[in-house]
Amino acid sequence: MELPDVVLPAHGRARDELVNDLRARKSADADWRGGRTWSLVYPAGPDVDEVLHEANNLYLHENALNPFRFPSLADMEREVVAMTAGLLHAPAGASGSMTSGGTESIMQAVRVARDRARAERGVERPTLVVPRTAHPAFAKGAKYFDLELVQIPVDDDFRADVSAAESLIDPARTALVAGSAPNYPFGVIDPIPELAGLAAERGVPFHTDACMGGFVLPFKPDAPPFDFAVPGVSTISSDVHKYGYTTKGASVLLHREGAHVLQYQAFLYDDWPGGLYGSLALAGARPAAPVAAAWSVMNHLGFDGYTRLVNRTLDNVAALRTGIEDLGLRVLGDPTATILAFTHPRIMAIGDRMDEAGWHLDRQSGPEALHMTISPEHHRVIHQFLGDLAAAVADPGTARDAEIRYS
Ligand SMILES: Cc1ncc(COP(=O)(O)O)c(C=O)c1O
Numbered sequence: 309m310e311l312p313d314v315v316l317p318a319h320g321r322a323r324d325e326l327v328n329d330l331r332a333r334k335s336a337d338a339d340w341r342g343g344r345t346w347s348l349v350y351p352a353g354p355d356v357d358e359v360l361h362e363a364n365n366l367y368l369h370e371n372a373l374n375p376f377r378f379p380s381l382a383d384m385e386r387e388v389v390a391m392t393a394g395l396l397h398a399p400a401g402a403s404g405s406m407t408s409g410g411t412e413s414i415m416q417a418v419r420v421a422r423d424r425a426r427a428e429r430g431v432e433r434p435t436l437v438v439p440r441t442a443h444p445a446f447a448k449g450a451k452y453f454d455l456e457l458v459q460i461p462v463d464d465d466f467r468a469d470v471s472a473a474e475s476l477i478d479p480a481r482t483a484l485v486a487g488s489a490p491n492y493p494f495g496v497i498d499p500i501p502e503l504a505g506l507a508a509e510r511g512v513p514f515h516t517d518a519c520m521g522g523f524v525l526p527f528k529p530d531a532p533p534f535d536f537a538v539p540g541v542s543t544i545s546s547d548v549h550k551y552g553y554t555t556k557g558a559s560v561l562l563h564r565e566g567a568h569v570l571q572y573q574a575f576l577y578d579d580w581p582g583g584l585y586g587s588l589a590l591a592g593a594r595p596a597a598p599v600a601a602a603w604s605v606m607n608h609l610g611f612d613g614y615t616r617l618v619n620r621t622l623d624n625v626a627a628l629r630t631g632i633e634d635l636g637l638r639v640l641g642d643p644t645a646t647i648l649a650f651t652h653p654r655i656m657a658i659g660d661r662m663d664e665a666g667w668h669l670d671r672q673s674g675p676e677a678l679h680m681t682i683s684p685e686h687h688r689v690i691h692q693f694l695g696d697l698a699a700a701v702a703d704p705g706t707a708r709d710a711e712i713r714y715s
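Numbering (the numbering used here) for the sequence shown: 309 to 715.
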């Protein structure tokens, strides 16, 4: 990263001037409040926003590193973990912690599994077996913690191919098998019972990545099994800062087996002059606001609030899917949650047209597709979005024609 030609100002600047500067800088950012973004932010409406502002403000300065200094944070963290565990059918004795996000939850699950495999099964050169569609956080965990990443191919429906997985799980080397509920690229849910069953038969732990689905699927009565109700599921990651609707910095990592496994996650150290240092997180100092905000929004919404928001989001998904397919575009796989990916022979040119119309859609490459993560607040823009998409399909232009492949 090239550094800008900037130094610390010799004299401080006035607050009003700075706030104006911040507002001006922000004006070039994605307009998520206007429903223009289809990833990164999960707007749930003004009442949730107000709760989040209050909670973040109240806990702006505290540090969640030391639970003895700020017992309110320790209590709220335990309650967030317990409420999440309850939603995911965790058995009595399960344990867990809050992390900074889905990536940390997944990386910690990978590290814990590696250390368990080493200590309990003597695994020296561990592998991590995940579907090809698994989030890059797994590859990051494999890289940081020195595991070999093994990818399970996916079927035509973009779900992990169970028979291929069979030969990839090696009881002598595999530290962890994982599946997504749902995966990011296509929003489809892997065959979790089958994958977890294969892992369990071989004595290998299984992780369900419910970063996307952890606060959606429990409120969807026809969701396929994906959580601790499935035998063999050992750990689950579930992000409060996605469909739990809190501000960034809040995920939950749960362990079925409780204290026995949590000891692998814990870092305790006293071989220095500074006293005993203990932490379950990758970070040292931890922001307190995400804990307070997660606790507040979960209590503010409750089961009925989440159910209402999930139903509204799924209505949006259904309306968008019908509209997209009616325009002759093809939705990839059969997404059952809150993500849609769709393609067309000229999809990248259509994406360029949608950019020009002020929409922010992620682009995917295998196959080429546009990608949407759908929120409850998107109901306000569906009509306009589909209108702009119709115009883009009718006249995609030639912008990226040379690059178009249809797979
Ligand atoms: C399925 C899935 N898992 C994990 C993650 C990683 O979450 P985070 O960005 O909070 O680290 C994401 C992010 O989109 C995701 O979609």
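Ideal Cβ placement from N, Cα and C applies to all residues, glycine included. The structure presented is a predicted model; accordingly, all values stated were derived computationally and were not measured.
- By alpha-carbon distance to Ala518, the top candidate from Pro529, Asp703 and Phe536 is Phe536.
- Membership of Leu678 in the beta strand (DSSP E) is indicated by the continuous run Glu676 to Thr681.
- Exclusion of Gly495 from the 7 Å shell around ligand 1 follows from its C-beta lying no nearer than that to any non-hydrogen atom of the ligand.
- With respect to the 8 Å criterion, Leu622 and Ala677 are not classified as neighbours on the basis of their beta carbons.
- In its chain, beyond the 5 residues on either side, Arg467, Ala468, Val470 and Gly487 have a beta carbon closer than 8 Å to the beta carbon of Pro499.
- In this chain, the alpha helix (DSSP H) harbouring Asp660 covers Ile655 to Glu664.
- Of the candidates Val548, Ser413, His369 and Met656, Val548 places its Cα closest to the Cα of Trp603.
- Taking 8 Å as the upper bound for CB-CB distance, Leu525 and Phe534 are in contact here, some 6 Å apart.
- Taking 7 Å as the cut-off, one finds no heavy atom of ligand 1 near enough to the beta carbon of Ala649.
- Inter-residue distance for Ala507 and Val485 is about 7 Å (C-alpha atoms, whole angstroms).
- The bridge partners DSSP lists for Gly586 are Leu576.
- Closer than 7 Å to some heavy atom of ligand 1: that does not describe the Cβ of Met680.
- DSSP, reduced to helix, strand and coil, places Ser559 within a strand of the structure shown.
- Relative to ligand 1, the beta carbon of Thr621 is positioned no closer than 7 Å to any heavy atom.
- Ala507 has its Cβ no nearer than 7 Å to any heavy atom of ligand 1.
- Apart from sequence neighbours up to five positions away, the residues of its chain that approach Val389 with a beta-carbon distance below 6 Å are Gly404 and Val560, ordered along the chain.
- Within the same chain, and ignoring the five residues on either side of Ala450 in sequence, the residues whose Cβ sits closer than 8 Å to its Cβ are Val418, Leu436, Glu456 and Leu457.
- At least one heavy atom of ligand 1 is found less than 7 Å from the C-beta of Asp517.
- Taking C-alpha positions only, Ala480 is separated from Val496 by approximately 30 Å.
- Within the chosen limit of 7 Å, ligand 1 reaches the beta carbon of Met520 through at least one heavy atom.
- Counting only the Cα atoms, Asp663 lies some 27 Å from Glu310.
- The segment 485-542 is shown to contain whole beta strand (DSSP E) runs of 3 or more residues at 514-518, in chain order.
- Rounded to whole angstroms, Ala363 and Leu381 show a C-alpha spacing of 12 Å.
- Check the Cα spacing between Arg341 and each of Arg331, Ala352, Arg333 and Ala332: the tightest is with Ala352.
- In the three-state DSSP reduction, Thr615 falls in the helix class (H, G or I).
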